[in-house]
Each structure stands twice: as structure tokens, then as C-alpha cells.
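A short write-up of the structure that comes next.
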Amino acid sequence: MGLRVRLLKGPGVTKLISYMSNSMYTENKNPAIKTYDGFTEYEAGYSSINDRNRNRPTLLSENSGLLDSSSSDAQYMSSVSGKSKTEGSNSNSYIEIVKPGDNPRYHLTVEPDPRNSYATILRLDITDLSPEDNSFYLCEALSGPHWRAFTPTSAEPPGRVTVWFAPPAAEPRRVTEISDTIDTDDNSIQSETTTQQGKDVVYGLSHLPSKIACQALGQPPPQWKWVGPQSGPNVPLGEPNNSRGYVKTDYQDGEYSVSELTVPAGYWNVGVFGTYTCTASNRLGHATGHVRLQLASHPGRPTLRACKVEATLIELCVEPPTETGGLPLTHYELRIQTHPRGAFHGPFAYLPGRRVLRLPNLIPGYYYRFALSAVSSAGRGPNAYLQVTTNQLSKPVIKLLASQNYISPTGYNVHWNAETTNGMDINQYNINIRPVEVDYSM
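With the UniProt record's numbering applied, the sequence shown covers 1 to 442.
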């Protein structure tokens, strides 16, 4: 096979250069295929920087070899290991092949080097530059199944096209923050203090700090300003000269500029909860987004029913509450009452993923009352009550089966069905045989 060259584009180019320069790859037993650690193959589809979700690459195969442009019409995309901080909204590690026909503004040509007949020049001309052209570019050369080279290398600056444009929009960014540590005698337990059901709503607790975030595109990278319900429209939050307990952290995640604002614990001051406004601005313009910080509440009442009742066993089926108060459930708490006027025993904790609670070794014909509640970091919700009486213990009932097929010249095969065992295991069967006088003279 001859020499083949192609142009790679994407924010993952810099990571690919780093991986290759450090020789972080392994070679399979089949030398025709090389697998690079941390990369997975993707089926293509041209991905616009302004509409990534619509043209998301789909997973082809985790163990397939590196695709080249001559193998199929599908583009080659790779994702460097490690999840993006914004899960699913923008991938900062994908790579795609620039191919003719992908974009009418892209003009890709391959021509021989006039100064060296053994060299080939790969040239990309982009007309009518737009924000989606902001990316790193890399030239890749392949010859046969064993040889592959990249330029630029790690010793050179990465090739990049930068197009200046105003931030088109500032949008909320999903944040999950683990910041509360409860020390016990045996271990330390970390609890999730903030989460969100939607990007524009974040739930927090009054006694713990919360974190909210916004992201925006734009070149040059925009500067961020936050205002909140307590500051008013003209007092920025998180600035060093007037922090008031707020902490603002700005960083780049691929092509996205991200700003995170840590809101201090409110305790009895519920004024920290409300709508926060984030503004991203550069010399060409600005964009504004809104994030609502809402006080989390206790989860609702779960649904509890008895899905199986026997003499010594009860199985409880659990459906989670429709309202969780904004935070995910941490566990369920079950309390058991064994007398109508007695106290409840417990609580007994169960993981939130449990849908069936199996309670064995109970007393036959006995009264039980159950109280189940859902628990989150915001506290315990109301109880769901259920009263169940186990079945009375009785003898098992069996039925003998008769058939001519069970009779043999020298014996008889006994067959029966156990119609009911009342939930108890059968320890043994006793078979009694009584001889019967038969008159063979007839």
C-alpha cells in the first residue's frame, strides 16, 4: 500500500499528540492493527460546533482498529479517555477526519511537493470562516498497516485556526459537587450536597455550600460576571475585592469557557436561594444566562405493598416517591411494629435501588405493621404504612395421581402434586403401603 495522508480536526488533537509523543500505545499480537490506549472508535457525521447534540458521534466498536479514509465513507472519530465535565453536552476530546464534501467551505487538496518528488502536500483552504472552524488541526500520514506518523509533534505548537466571535449564548452547566464529609468513628461518609434535575435548576441545602455553573463559546475567551438575589444587578459576586463568601472559578473546557460560582451556606438566611445571572462578554459582544438555586426539600412518600405473604415470609414491593425534593435518594428506612400497641423496631436501611424487601423467619399467623420512608441529604420524608398478617401454619396438602402408565410388571411408580405447603418447606414424604387380598380365580 502506498503513502496516504489525511487531516484530523478536533479538540482531542492535542491529547492525541501527547499520547503519541509519550509512546502510550500497545501493539496487538496481530501486527496489522495497533490499538492506542484511551481511544475508542466512532462512526462519523460532521459535527458543528454550534449544533453538537444533533450530530453526536455514535459508538462503533471499542476494539476495532483505526479507520482510514479509504476504508469507508464513515469518518474516523476518536475520544480520549476521561469524561467531559459536561456530560453529554459538549465533547472536548473528539477527533474527526476532514474529508472532501463534509463542508462546502472546506477545500481539501493533495498535491506533490515541487521541491521533493517523494513528498506529498496536504492543503486545506477554508472560505468564509465561521465559529465552527475554531479547532486544532493535525496532519497524519499512513503507509501500510504498520507505519503511522503525525505532525506537528509535541515539540512544536499545535496547528490551530482561531476565529474571533461574540459569545452566542450563555447556558447553565450541570454540576455535581461532593463537599460534605461526615466523620464517624469507623469511617468518613461523603454525601452529595448539590445536584440538579434540569440544567437551569440546581438544588442545594441551607447548611452547606452549593455550586452553580455556566458555559459559553466565544473568541477571545469571554470574561464572566455573576449577580444574584442578594447582590443586585450591579454588584458582581465572587470577585476578590468583594467576595462576601462567594467564590468564582473560570476555566476552559475545550472550546467552551466555563465559570463556576460557589454559593456560601445560607443557614437561616434563605436569601441565597433564588435566580443567579451569569454574563459572558468579550470585545465583540456578550451573552447572558440564568440559573435558579432552589432549597431542596424532603422526599415524598414512597408506595408500599405486600407482593407475597406466606406463613413465615413477607415480601414488600417498593415504588420510589414521585417527588424527591430535588436531591437523589440515599436510602430507605424501614420500621416494624409487631403489636398494634407496641413500639416500632428499627430503622433498617435499604439502598434506594431496592424494589423488593424480603423479610424471612417471621411468626405464622402474626400481626406486622411496616413504616417505610425515603431519605435524601435533605432529610427523611413521610412514612408509608402497611399492615400485614402472616398466614396460619397448616399441614401441607398433596394429591396422588393415578395412571396406567405408572404400573409396571414388577412395581408401581407413585406420583403426586403438592397442592399447598402454606409457605413452609417440606422436610420429607412418608409413603405407607398396605397389601390388598386379590382373588386370582376370577
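Think of the CB as a built atom: it goes at the ideal place given N, C-alpha and C, for glycine as much as any other residue.
Item                                                                                                                                                                        : Value
Assuming the contact rule is C-beta atoms closer than 8 Å, G10 and E96 should be a hit. Round their C-beta distance to whole Å, please.                                     : 5 Å
Ordered along the chain, which non-local residues of its own chain (more than five positions away) have a Cβ less than 6 Å from that of T262?                               : P209, K211 and V247
Am I right that K418 and I398 are in contact with their C-beta atoms under 8 Å? What's the rounded C-beta distance?                                                         : Position check: residue 418 holds Ala in this sequence, whereas Lys was assumed. About 5 Å; that satisfies the 8 Å criterion.
Secondary structure at E333, three-state DSSP: helix, strand or coil?                                                                                                       : strand
Comparing alpha-carbon positions, which option in L316, G159 and V414 lies nearest R369?                                                                                    : L316
If you check the beta carbons only, do Y429 and S373 fall under 8 Å apart?                                                                                                  : no
Measure the beta-carbon distance from T390 to T312 and round it to whole angstroms, keeping in mind my assumption that it falls under 8 Å.                                  : 7 Å
Can you tell which of Y350, P229, L401 and D125 has the C-alpha that lies nearest to the C-alpha of V270?                                                                   : P229
Would a C-beta distance cut-off of 8 Å place residue 513 and G285 closer than the cut-off?                                                                                  : A question about residue 513 goes unanswered here, because the residues of the chain that appear run from 1 up to 442.
For T410, report the span of its beta strand (DSSP E) as first-last.                                                                                                        : From DSSP, T410 is part of no beta strand (DSSP E); its letter is neither H nor E.
Does the contact criterion of 3 or more C-beta pairs under 8 Å hold for the region 338-347 versus the region 392-411?                                                       : no
Enumerate in chain order the residues of its own chain whose CB-to-CB distance from T184 is below 7 Å, with the five nearest sequence positions on each side excluded.      : Confidence is the limiting factor: at T184 the pLDDT is only 34, short of 50, which leaves the residue's position unreliable, though a coordinate-based value still follows. Nothing meets the Cβ criterion.
Would you kindly check if the distance between the Cβ of E171 and the Cβ of Q215 is under 8 Å?                                                                              : yes
If contacts are defined as beta-carbon pairs under 8 Å, then G300 and T322 qualify, I think. What distance do you get, rounded to the angstrom?                             : 6 Å
Do you know how far the Cα of L124 is from the Cα of G379?                                                                                                                  : 59 Å
On a Cα-Cα basis, can you pick out the residue from G326, P328, T324 and R355 that is closest to residue 517?                                                               : Residue 517 is absent from the structure shown; the chain starts at 1 and stops at 442.
The alpha helix (DSSP H) with L16 in it runs from where to where?                                                                                                           : V13 to S21
Helix, strand or coil: how does DSSP classify T35 here?                                                                                                                     : Its pLDDT being 35, under 50, T35 is placed unreliably in this model, and the coordinates cannot settle the point.
Can you give me the C-alpha to C-alpha distance between L60 and T151, rounded to a whole angstrom?                                                                          : Below a pLDDT of 50, predicted positions are generally treated as unreliable, and L60, at 26, falls in that range; the measurement from the model is reported next regardless. Taking the straight line joining both Cα atoms gives about 26 Å.
Please return the same chain residues whose Cβ sits closer than 7 Å to the Cβ of L351, not counting the five positions on each side in sequence.                            : H331
Can you tell me whether V80 is buried or exposed? The criterion is at least 16 other CB atoms within 10 Å of its CB, across all chains shown.                               : Note that V80 has pLDDT 35, beneath the 50 cutoff, so the model's placement of it is unreliable and no number is given.
DSSP puts H345 in a beta bridge; with which residues?                                                                                                                       : I336
Determine which residues share a DSSP beta bridge with T262 and list them.                                                                                                  : K211 and V247
Mind checking S18: buried by the 16 CB within 10 Å criterion, or exposed?                                                                                                   : exposed
Tell me the DSSP bridge mates of T120?                                                                                                                                      : P112
So the beta strand (DSSP E) I426 belongs to, where does it begin and stop?                                                                                                  : Element bounds for I426: n/a, residue is neither H nor E.
Would you tell me roughly how many angstroms separate the C-alpha atoms of P409 and L304, rounded to the nearest one?                                                       : 58 Å
Taking only the alpha-carbon atoms, compute the straight-line gap between D425 and R173 and give it to the nearest angstrom.                                                : 56 Å
What's the C-alpha gap between Y267 and V227?                                                                                                                               : 20 Å
With a CB to CB cut of under 8 Å and the five nearest residues on each side skipped, what residues in its chain are close to V235?                                          : V227 and N242
Give me, in chain order, the residues of the same chain whose beta-carbon lies closer than 6 Å to that of Y46; leave out the 5 immediate sequence neighbours on both sides. : Residue placement at Y46 is poorly supported in this model, since its pLDDT is 30, which falls under 50; the coordinates still yield a value, given next. Hits under 6 Å: D102.
Looking at P328: is its Cβ nearer than 8 Å to the Cβ of V318?                                                                                                               : no
For L3 and G12, what's the separation of their Cα atoms in angstroms?                                                                                                       : 24 Å
Can you tell me where the beta strand (DSSP E) with N282 in it begins and where it stops?                                                                                   : G274 to N282
My understanding is that C278 touches V291, with C-beta atoms under 8 Å, so please give their C-beta distance in whole angstroms.                                           : 7 Å
Within 10 angstroms of the Cβ of I326, are there 16 or more other Cβ atoms? Answer buried if so, exposed if not.                                                            : Looking at the sequence itself, residue 326 is Gly, so the reference to Ile does not match. By the 10 Å Cβ count, G326 comes out buried.
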